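Participant: Structure incoming, see below.
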């Protein structure tokens with residue numbers, strides 16, 4: 003529950019609304035109790051064949067007689083005590099004094115209770131009853147009108163209570179989502195890869211909604227329903243607190259049952275949320291890899307995989323439903339048992355005209371009446387209804403607690419790559435970039451690291467091409483430069499400064515990245531390009547697009563640069579990469595990383611982009627990963643990598659003579675290009 007309590011702290015900002023909702027809940031409970039209590043007045047009119055004025059007058063006279071009788075008894079006992087005090091030689095004096103003192107205390111207690119009832123009846127007579135008509139039917143009509151108005155007013159406060167709670171929950175969930183997303187975007191890529199996109203999506207959506215359901219139950223039902231029950235319990239205690247206590251004896255048993263069920267729900271809900279993440283994972287893999295699925299005719303397999311996961315989710319959801327469904331009938335049965343016990347005791351008192359059961363005084367000096375018993379029965383039923391509704395409260399709160407555990411498990415992750423906001427800013431790169439004895443593994447304990455003892459020094463303005471077999475560590479090595487992750491061993495230095503010891507934002511502002519997997523945001527083309535330089539002017543954006551040979555196809559679109567990517571227009575792979583290149587050009591970085599940046603561009607566009615790149619890389623330190631011979635021509639040096647190590651560095655001609663791996667790669671690339679031709 004610790005995580006759930008942390009989530010509740012987010013709603014403390016909106017405590018004014020919560021306080022107002024609590025006040026509305028108090029008024030709802032007050033009107034609920036008053037409306038139910040009106041049953042006593044109706045029964046008095048219908049069953050006793052008396053007007054309310056007659057009933058109250060008789061009640062006041064009866065209570066007044068009882069009060070006088072008690073006063074006479076008190077004076078009698080007090081006189082005996084005075085005599086005992088005056089006679090030190092009285093037989094068994096101390097025991098008699100003790101008995102008489104106890105009797106006097108009982109009389110005073112009973113007298114106080116009678117006087118209390120007398121006061122309230124007189125107040126009722128003066129403030130309410132005397133204003134009602136004496137005709138019984140007219141009185142009944144006025145009571146019904148009052149009940150209808152009371153229900154309407156209760157409904158108004160009920161609406162305000164629900165609305166205020168809803169506004170608090172919606173704002174709180176918004177803040178929690180923002181807090182979680184803020185944590186996510188500041189985590190390093192290694193942590194995000196470990197969590198996985200489907201898992202993150204599940205926690206941002208389904209888990210947050212589950213948490214909201216638990217919070218709404220807590221602030222809503224857990225506040226209103228107990229207050230409604232309390233209002234009726236107070237009214238019932240005014241009739242007979244002893245019989246009401248009989249009804250309340252089973253409350254601890256109900257609490258124990260709910261506690262057991264809530265623990266079961268928490269475990270089941272946690273497993274259910276995990277299965278929802280699995281469903282997201284299957285959907286993402288299938289949609290992202292739909293070409294592979296169709297090419298290999300694996301649609302039946304994917305359908306079975308999703309159906310199995312969906313069936314498992316449905317089974318786990320049914321477990322939560324079954325536990326939740328069990329709570330209602332169980333609490334209702336306990337309520338009937340408690341109600342039956344109280345009613346049986348009350349019926350015994352009415353039918354037998356008794357005042358006590360098993361020696362326990364249940365009604366003071368007068369037996370309970372039939373009308374009062376039915377009113378008490380109605381009030382206890384009104385108590386049972388809110389208690390029954392509370393049966394699902396604990397299960398929903400526990401489900402919310404399970405969701406909060408999963409949410410904060412991600413939100414609390416501390417990124418290994420920190421922003422170093424207090425560190426000095428990195429001046430614009432102008433000297434060297436050095437990878438010094440760098441080793442790195444994505445998972446701890448990996449026997450063969452992705453990078454192993456890499457050493458490389460690059461001069462400012464130099465263009466370095468990285469080649470090698472797939473999986474040899476080329477992209478991983480360049481991922482260390484903008485600190486997507488940090489090396490496990492060794493360091494990366496820019497102009498002699500360890501990039502871990504400088505301000506992270508000042509480093510990344512100098513880096514432009516164009517990758518093979520182009521990322522387009524669902525926004526205008528203008529904003530997608532300006533993503534590299536927020537606040538850029540239209541002229542700057544268009545110039546960057548021209549440099550990337552994207553301007554021509556952009557202006558040919560109906561809405562030009564204001565075209566929405568994804569909804570209004572779906573770009574081809576080559577168009578996406580030219581927009582991404584324009585984004586990097588606009589950023590004007592001192593360090594440029596091009597990772598298979600022309601892999602999806604047609605030959606005609608590639609030739610144009612090749613010219614643009616040749617002009618753009620001047621006076622910039624450029625790293626490019628490529629398998630295309632045309633891109634190798636702009637490189638000052640070529641770095642050959644294999645199995646996480648640098649095996650050779652040099653020019654194209656020298657490497658053909660001295661590096662067998664490079665020669666094989668060259669032959670393979672040349673063969674592919676000749677076949678394509």
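Numbering (the working numbering), first residue to last: 3 to 679. Glycine included, every Cβ here is placed at the ideal spot set by N, Cα and C. Since this is a predicted model, take the numbers as computed values, not measurements.
Whole-angstrom Cβ separation of residue 465 and residue 436, contact assumed at under 8 Å?
Facilitator: Locating residue 465 in the chain shown gives position 463, counting from the first residue. Locating residue 436 in the chain shown gives position 434, counting from the first residue. The pair is not a contact, with the Cβ atoms about 17 Å apart (cut-off 8 Å).
Participant: Go ahead and pull the three-state DSSP assignment for residue 597.
Facilitator: By one-based count along the chain shown, residue 597 stands at place 595. Strand, per DSSP.
Participant: Determine, using beta-carbon pairs with one atom in the stretch 237 to 245 and one in the stretch 153 to 173, whether at least three such pairs fall under 8 Å.
Facilitator: no
Participant: Looking at the structure shown, is residue 452 part of a helix, part of a strand, or coil, going by DSSP?
Facilitator: Counted from its first residue, the chain shown places residue 452 at position 450. It is coil, neither helix nor strand.
Participant: Alpha helix (DSSP H) containing residue 477: first to last residue?
Facilitator: In the chain shown, the residue the question calls residue 477 occupies position 475. 476 to 481 is the extent of the alpha helix (DSSP H) around residue 477.
Participant: Are the CB atoms of residue 79 and residue 120 within a distance shorter than 7 Å?
Facilitator: Here residue 120 corresponds to residue number 118 of the chain shown, with the count starting at 1. Here residue 79 corresponds to residue number 77 of the chain shown, with the count starting at 1. The answer is no: Cβ separation not under 7 Å.
Participant: Could you check which residue in 150, 212, 232, 220 has the C-alpha nearest to that of residue 275?
Facilitator: On the chain shown, residue 275 is found 273 positions in, with the first residue counted as 1. Closest in alpha carbon position to residue 275, among 150, 212, 232, 220, is 212.
Participant: Are there three or more Cβ pairs, one per stretch, closer than 8 Å when the stretch 496 to 504 is compared with the stretch 426 to 435?
Facilitator: Contact between the stretch 496 to 504 and the stretch 426 to 435 is present, with at least three C-beta pairs closer than 8 Å.
Participant: From residue 677 to residue 643, what does the alpha carbon distance come to, in whole angstroms?
Facilitator: Along the chain shown, one-based indexing puts residue 677 at 675. Along the chain shown, one-based indexing puts residue 643 at 641. Confidence at residue 677 is low in this model, with a pLDDT of 34, below 50, so the placement of that residue should be treated as unreliable; the coordinate-derived value is given next. Taking the straight line from one Cα to the other gives about 26 Å.
Participant: Roughly how many angstroms lie between the CA atoms of residue 307 and residue 321, to the nearest whole one?
Facilitator: As a working mapping, residue 307 is identified with position 305 in the chain shown. As a working mapping, residue 321 is identified with position 319 in the chain shown. So the alpha carbons of these two residues sit roughly 21 Å apart.
Participant: Who are the near neighbours of residue 311 in its chain, counting only those whose CB is closer than 6 Å to its CB and skipping five residues on each side?
Facilitator: Indexing the chain shown from 1 puts residue 311 at position 309. Answer for residue 311: 280, 281, 284, listed in chain order.
Participant: Please tell me whether residue 24 and residue 155 are closer than 7 Å, where the distance is taken between their beta carbons.
Facilitator: Position 22 of the chain shown holds residue 24. Position 153 of the chain shown holds residue 155. It is not a contact, given that the beta carbons lie outside the stated cut-off.
Participant: Within the continuous beta strand (DSSP E) that includes residue 467, where are the two ends?
Facilitator: Position 465 of the chain shown holds residue 467. First-last of the beta strand (DSSP E) with residue 467: 465 to 469.
Participant: Starting from residue 681, follow the beta strand (DSSP E) in both directions and report where the run begins and ends.
Facilitator: Given a span of 3 to 679 for the chain in the structure shown, any question on residue 681 remains unanswerable.
Participant: Starting from residue 4, follow the alpha helix (DSSP H) in both directions and report where the run begins and ends.
Facilitator: Within the chain shown, the letter at position 2 stands for residue 4. Residues 4 to 11.
Participant: Please report the Cβ distance between residue 646 and residue 451, rounded to the nearest whole angstrom; I am assuming they are in contact, meaning their Cβ atoms lie under 8 Å.
Facilitator: Within the chain shown, the letter at position 644 stands for residue 646. Within the chain shown, the letter at position 449 stands for residue 451. About 6 Å separates the two Cβ atoms, so the contact holds.
Participant: Just to confirm before moving on: does the CB-CB distance between residue 454 and residue 506 stay below 7 Å?
Facilitator: As a working mapping, residue 454 is identified with position 452 in the chain shown. As a working mapping, residue 506 is identified with position 504 in the chain shown. No, the pair does not count as a contact, with Cβ atoms beyond the cut-off.
Participant: For residue 300, name the three-state secondary structure that DSSP assigns.
Facilitator: Reading the chain shown from its first residue, position 298 is the one you call residue 300. Residue state, collapsed to three classes: coil.
Participant: Let's see if you can read the secondary structure: which residues bound the alpha helix (DSSP H) around residue 506?
Facilitator: The residue you call residue 506 lines up with position 504 of the chain shown. Per DSSP, residue 506 belongs to the alpha helix (DSSP H) from 506 to 510.
Participant: Within the continuous alpha helix (DSSP H) that includes residue 514, where are the two ends?
Facilitator: Counting from 1 along the chain shown, the entry for residue 514 is found at position 512. Per DSSP, residue 514 belongs to no alpha helix (DSSP H); it is in the beta strand (DSSP E), 513 to 516.
Participant: Kindly indicate the opening and closing residues of the beta strand (DSSP E) around residue 555.
Facilitator: Position 553 of the chain shown, counting from 1, holds the residue named residue 555. Segment 553 to 557 is the alpha helix (DSSP H) holding residue 555; no beta strand (DSSP E) there.
Participant: For residue 89, count neighbouring C-beta atoms within 10 Å of its own C-beta (all shown protein chains included) and say buried if the count is 16 or more, exposed if not.
Facilitator: For the purposes of this step, residue 89 is taken as the residue at position 87 of the chain shown. Under this definition residue 89 is an exposed residue.
Participant: Measuring CA to CA, which of 192, 158, 200, 205 is closest to residue 180?
Facilitator: The sequence position of residue 180 within the chain shown is 178, counting from 1. Nearest in C-alpha terms to residue 180, of all of 192, 158, 200, 205, is 205.
Participant: Among the residues of its own chain, which have a CB less than 8 Å from the CB of residue 148, if the five just before and after it don't count?
Facilitator: Residue 148 sits at position 146 when you count from the first residue of the chain shown. Excluding sequence neighbours, residue 148 sits near 40.
Participant: Taking the continuous alpha helix (DSSP H) assigned at residue 528, which residues delimit it?
Facilitator: Counting from 1 along the chain shown, the entry for residue 528 is found at position 526. Counting along the chain, the alpha helix (DSSP H) containing residue 528 begins and ends at 527 to 532.
Participant: Can you list, in chain order, the residues of its chain with a C-beta nearer than 7 Å to that of residue 289? Leave out the 5 residues immediately preceding and following it.
Facilitator: For the purposes of this step, residue 289 is identified with residue 287 of the chain shown, where counting begins at 1. Around residue 289: no qualifying Cβ.
Participant: Can you say whether residue 597 is buried or exposed, counting buried as having 16 or more other CB atoms within 10 angstroms of its CB?
Facilitator: Counting from one through the chain shown, the residue named residue 597 turns up at place 595. Result: buried.
Participant: Within a Cβ cutoff of 6 Å, which residues of the same chain sit near residue 510, ignoring the five residues on either side of it in sequence?
Facilitator: On the chain shown, residue 510 is found 508 positions in, with the first residue counted as 1. Around residue 510: 484.
Participant: Looking at residue 543: is its Cβ nearer than 7 Å to the Cβ of residue 532?
Facilitator: By 1-based counting over the chain shown, the position of residue 543 is 541. By 1-based counting over the chain shown, the position of residue 532 is 530. Yes.
Participant: Can you give, in chain order, each stretch of the alpha helix (DSSP H) that sits fully within the stretch 172 to 237 and has at least 4 residues?
Facilitator: 191 to 197, 199 to 204, 210 to 218
Participant: Mark residue 209 as exposed unless 16 or more other C-beta atoms lie within 10 angstroms of its C-beta, in which case mark it buried.
Facilitator: Here the question's residue 209 lines up with position 207 in the chain shown. Buried, by the Cβ-count rule.
Participant: Rounding to the nearest angstrom, what Cα-Cα distance links residue 662 and residue 651 in this structure?
Facilitator: Locating residue 662 in the chain shown gives position 660, counting from the first residue. Locating residue 651 in the chain shown gives position 649, counting from the first residue. When rounded, the distance between both Cα atoms is 13 Å.
Participant: From this set, 594, 576, 574, which residue's C-alpha is nearest residue 481's C-alpha?
Facilitator: Here residue 481 refers to the residue found at position 479 when the chain shown is read from its first residue. For residue 481, the nearest C-alpha among the options comes from 594.
Participant: Report buried or exposed for residue 519, applying the criterion of at least 16 other Cβ atoms within 10 angstroms of its Cβ.
Facilitator: Residue numbering aside, residue 519 sits at position 517 when the chain shown is read from its first letter. Flag for residue 519 reads exposed.
Participant: Could you name the residues of the same chain whose beta carbon sits closer than 6 Å to that of residue 4, not counting the 5 residues immediately before and after it, in chain order?
Facilitator: For this step, residue 4 is matched to residue 2 along the chain shown. No residues qualify anywhere along the chain.
Participant: Verify whether the separation of the beta carbon atoms of residue 98 and residue 86 is less than 7 Å.
Facilitator: In the chain shown, residue 98 corresponds to position 96, counting from 1. In the chain shown, residue 86 corresponds to position 84, counting from 1. Yes, Cβ-Cβ distance for residue 98 and residue 86 is below 7 Å.
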